[in-house]
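Residue numbers (full-length UniProt numbering), protein chains in the order written: chain R, 1 to 464; chain F, 1 to 464. Think of the CB as a built atom: it goes at the ideal place given N, C-alpha and C, for glycine as much as any other residue. Notes for the one structure printed next.
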């Protein structure tokens with residue numbers, strides 16, 4: 001099918017105003033958020049309904065046209081950037097942005113894939129409920145992307161990842177058939193739980209068009225503290241003690257290494273103190289805030305902790321969170337780094353940090369490691385720089401650094417991709433460290449659900 | 001391969017003592033728990049390790065021998081009973097009963113499939129942790145069966161189903177390859193989450209041999225009450241109010257209809273009172289029990305509830321739970337019933353009960369409905385009897401009763417199988433009410449993972 005004919009067929013489905021080919025319209029969608037990947041597309045189409053997505057995919061299936069679904073284009077792994085060959089249709093989900101149902105008595109919300117995460121949080125709040133997924137890009141990332149990446153973020157310790165927050169999905173398969181797996185059931189053993197395959201598939205098995213998500217009571221009480229500890233072993237001991245004492249109230253448990261604290265201080269942030277390791281801990285609860293704060297302060301006193309502050313007001317609470325959230329920003333001011341989004345069992349964090357750090361220091365004397373993250377989930381951001389003086393030619397060392405880091409992750413039975421997905425960035429490492437039987441099964445499932453290989457080509461399931 | 005040769009090959013893998021063919025040895029495994037299904041097998045084999053399971057499946061694959069995995073044989077849907085043709089090998093997982101690892105700092109336990117649920121609860125307790133899955137057959141059901149059914153039970157409201165309690169799996173595929181998906185990660189976006197396919201697959205895609213499960217802090221406080229409410233609408237209003245006030249502390253919310261209460265009274269149980277609907281509510285928490293009880297009593301006082309008792313001791317607490325647990329028993333004393341294990345959004349429970357009950361009453365004047373269950377999850381056990389005087393020829397009406405019940409379930413976007421699975425019992429209803437695109441995708445995945453159709457034949461994925 002030539003371009004003229006294709007564009008006419010696309011326009012007949014979504015309307016001419018939603019078929020874009022000018023570079024001015026498509027450029028922003030053809031480069032990933034970190035600026036590492038640059039693609040091309042035959043057209044950018046913006047369907048407005050599930051039926052339109054279905055018609056588009058049926059057309060692409062018939063004509064063998066690859067399709068790259070894209071939400072807020074905030075992937076850190078190039079998962080939503082099309083290949084450079086320009087054969088693919090870029091499918092924006094942004095116009096699928098309806099809230100289909102809010103069911104407060106069932107604590108569920110059914111939304112379309114193109115709503116931003118912030119918009120879903122907002123709709124939940126207006127209904128007197130909490131949608132707990134929370135992450136840095138929440139103002140622009142979309143629910144479809146959150147689902148396709150199985151996003152994590154700041155509240156997984158208490159509420160789980162996007163997978164655990166999802167009760168139902170609507171998916172358009174590669175051939176255009178619509179699979180209706182929506183529904184707000186907490187218990188359902190009627191057949192295979194197919195939605196699980198599409199959550200975290202990075203758009204390689206089909207296009208998610210809507211989801212039924214879990215809502216929670218809004219906590220009425222919060223207690224937030226910034227603590228200093230001597231080492232990561234002590235941090236993990238506190239994690240266990242906090243769980244034992246406060247159970248589900250423990251909502252966030254963030255670990256920040258000294259180097260990150262120094263960077264924050266250097267770039268104008270005011271810290272309560274600098275410690276070998278800092279912890280940002282938040283409890284939340286229903287009921288009275290003073291009771292929660294008192295219990296937390298009592299517990300802290302029992303620990304005979306040397307350094308620690310408890311937020312005394314909402315502004316102090318937000319200031320502590322700002323420290324955590326600005327780490328990436330101040331790191332960027334210091335220059336490039338080789339970033340890792342890794343997961344290990346929480347019990348293995350101290351051993352991982354010690355062993356991996358030692359090998360990096362031996363291999364790259366003077367290198368810097370910025371280590372921080374959601375330690376309560378075993379999820380660390382582990383960013384390496386200055387492998388050579390003045391951080392020169394850093395990315396020449398990327399493969400060697402990754403080789404060390406991921407080998408130590410694997411030794412802990414960890415994950416090379418805890419919450420950011422694999423995309424284009426980590427396919428080779430996945431191939432190296434994933435169980436080979438599992439990897440072959442994944443590829444077999446891909447061939448079953450997308451026999452022509454049209455869905456989001458060039459990512460880890462088909463590339464490498 | 002003739003029987004002599006096959007038995008020799010099997011004995012070479014598992015040892016002759018673990019290849020059983022005498023009726024005395026196999027009979028108990030060839031009939032399901034409810035006594036509705038009767039099968040036959042070529043042999044009952046009892047492997048002692050994952051490697052032996054792998055060797056058995058490779059042999060069966062090469063020789064085209066069907067395999068029926070069996071745990072505690074407590075399925076209520078005939079999921080673990082082999083076909084009557086006697087071609088299948090019955091694979092008992094009972095000897096895979098090692099605890100491979102307890103990681104208290106990561107709050108995980110890795111166990112083999114043949115451990116009973118009660119044994120896993122016990123190992124967790126000895127480690128100072130809670131494994132929260134809890135259900136009637138916990139003394140005999142096995143973890144592999146819990147996983148294959150995605151079991152639910154009494155604490156799903158707070159802790160989730162077996163799926164949500166599982167972080168990793170080890171699976172032997174139909175051709176004998178071992179897929180190692182074990183690991184204790186809370187966050188992992190490295191590829192498709194394949195374990196989800198095998199959870200709830202009722203042994204039709206492969207054999208689960210081990211799992212890494214989540215552990216939780218043991219609650220130190222409990223508050224339990226038995227309340228009377230006027231109707232199911234009021235019950236659901238209390239559910240929302242309890243969630244708002246007590247958040248995650250709400251651990252159980254069970255609904256029991258008046259007829260069930262009358263049966264309990266008739267058969268010698270002492271009830272606090274008889275109400276149109278009774279609620280059994282349990283809160284649990286870390287911290288002080290008196291605080292929790294006081295808060296609960298205060299909340300109850302605010303509701304101006306007419307009928308309600310709060311357990312004042314552990315023995316009173318257990319006595320209230322016994323009422324709930326003995327409902328099935330006293331029902332059985334009254335004769336047979338047509339049982340349904342259904343799920344609807346909690347918000348739809350009142351509408352479902354009203355509409356379905358009215359149609360049943362109109363179609364079968366004088367019929368009795370015993371309705372009780374885990375209303376906090378939208379999961380009801382809905383058992384119908386006395387469709388004719390003296391409960392005569394009840395099962396002649398089974399199809400007609402099911403037709404009514406499942407139609408009302410479907411109208412609520414509910415599930416015909418909330419926590420018991422599908423097995424042999426409900427395949428025809430699944431085929432009728434599941435999204436046809438989803439059903440076809442499930443069958444396609446079955447063909448991909450088990451191309452010869454050898455895994456647990458005769459159940460819903462291949463039958464009907």
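For residue i and residue j, what's the separation of their Cα atoms in angstroms?
| i | j | result |
| --- | --- | --- |
| residue 302(R) | residue 245(R) | 12 Å |
| residue 98(F) | residue 290(R) | 46 Å |
| residue 323(F) | residue 315(F) | 13 Å |
| residue 137(F) | residue 160(R) | 28 Å |
| residue 86(F) | residue 41(F) | 4 Å |
| residue 389(R) | residue 417(R) | 29 Å |
| residue 189(F) | residue 208(R) | 17 Å |
| residue 93(F) | residue 49(F) | 9 Å |
| residue 115(R) | residue 306(F) | 45 Å |
| residue 169(F) | residue 210(F) | 6 Å |
| residue 121(F) | residue 144(F) | 14 Å |
| residue 196(R) | residue 181(R) | 10 Å |
| residue 265(F) | residue 372(F) | 16 Å |
| residue 175(F) | residue 242(R) | 45 Å |
| residue 57(F) | residue 455(F) | 9 Å |
| residue 386(R) | residue 272(R) | 28 Å |
| residue 280(F) | residue 213(F) | 28 Å |
| residue 133(F) | residue 285(F) | 17 Å |
Just checking: is the beta-carbon of residue i within a distance shorter than 8 Å of some beta-carbon in chain R?
| i | result |
| --- | --- |
| residue 347(F) | yes |
| residue 246(F) | yes |
| residue 434(F) | yes |
| residue 217(F) | yes |
| residue 236(F) | yes |
| residue 188(F) | yes |
| residue 156(F) | yes |
| residue 214(F) | no |
Within a Cβ cutoff of 7 Å, which residues of the same chain sit near residue i, ignoring the five residues on either side of it in sequence?
| i | result |
| --- | --- |
| residue 124(F) | 109, 130, 131, 215 |
| residue 156(R) | 374, 377 |
| residue 4(R) | none |
| residue 404(F) | 356, 359, 360, 363 |
| residue 76(F) | 33, 34, 420 |
Could you pull out every residue in the same chain whose Cβ sits closer than 8 Å to the Cβ of residue i, ignoring the five residues on either side in sequence?
| i | result |
| --- | --- |
| residue 236(R) | 346, 347, 349, 350, 375 |
| residue 231(F) | 276, 277, 350 |
Kindly say whether residue i, judged by its beta-carbon, lies nearer than 8 Å to any beta-carbon of chain F.
| i | result |
| --- | --- |
| residue 196(R) | yes |
| residue 419(R) | yes |
| residue 150(R) | yes |
| residue 455(R) | no |
| residue 430(R) | yes |
| residue 452(R) | no |
| residue 31(R) | no |
| residue 74(R) | no |
| residue 177(R) | yes |
| residue 379(R) | yes |
| residue 181(R) | yes |
| residue 444(R) | yes |
For residue i, which residues in chain R fall below 8 Å Cβ to Cβ?
| i | result |
| --- | --- |
| residue 108(F) | 345 |
Residues in its own chain within less than 6 Å of residue i by CB, not counting five upstream and five downstream?
| i | result |
| --- | --- |
| residue 1(F) | 63 |
| residue 446(R) | 461 |
| residue 21(F) | 43 |
List, in order along the chain, the chain R residues whose C-beta lies closer than 7 Å to that of residue i?
| i | result |
| --- | --- |
| residue 334(F) | Under the 7 Å cutoff, chain R gives no residues; its nearest Cβ is about 26 Å from residue 334(F). |
| residue 164(F) | 164 |
| residue 458(F) | Under the 7 Å cutoff, chain R gives no residues; its nearest Cβ is about 16 Å from residue 458(F). |
| residue 184(F) | 345 |
Find the residues of chain F that neighbour residue i, judging by a C-beta separation of less than 8 Å, and give them in chain order.
| i | result |
| --- | --- |
| residue 143(R) | Per Cβ cutoff of 8 Å: no residues; residue 143(R) is ~16 Å from chain F at best. |
| residue 437(R) | 173, 177, 178, 179, 180 |
Starting from the beta carbon of residue i, find every residue of chain F whose beta carbon is closer than 9 Å, and list them in chain order.
| i | result |
| --- | --- |
| residue 243(R) | 107, 216, 217, 286 |
Restricting to runs no shorter than 3 residues, where is the beta strand (DSSP E) found entirely within the region 278 to 339 of chain R?
Complete beta strand (DSSP E) runs here, min 3: 308 to 310.
Considering only residues of the region 156 to 230 of chain F, which uninterrupted alpha helix (DSSP H) runs meet the minimum length of 4 residues and lie entirely inside it, listed in chain order?
Runs found: 156 to 159, 195 to 198.
Which ranges does the alpha helix (DSSP H) cover as unbroken runs of at least 4 residues, wholly within the region 125 to 153 of chain R, from first to last along the chain?
Those alpha helix (DSSP H) runs which fall completely within the region 125 to 153 of chain R and span 4+ residues are 143 to 149.
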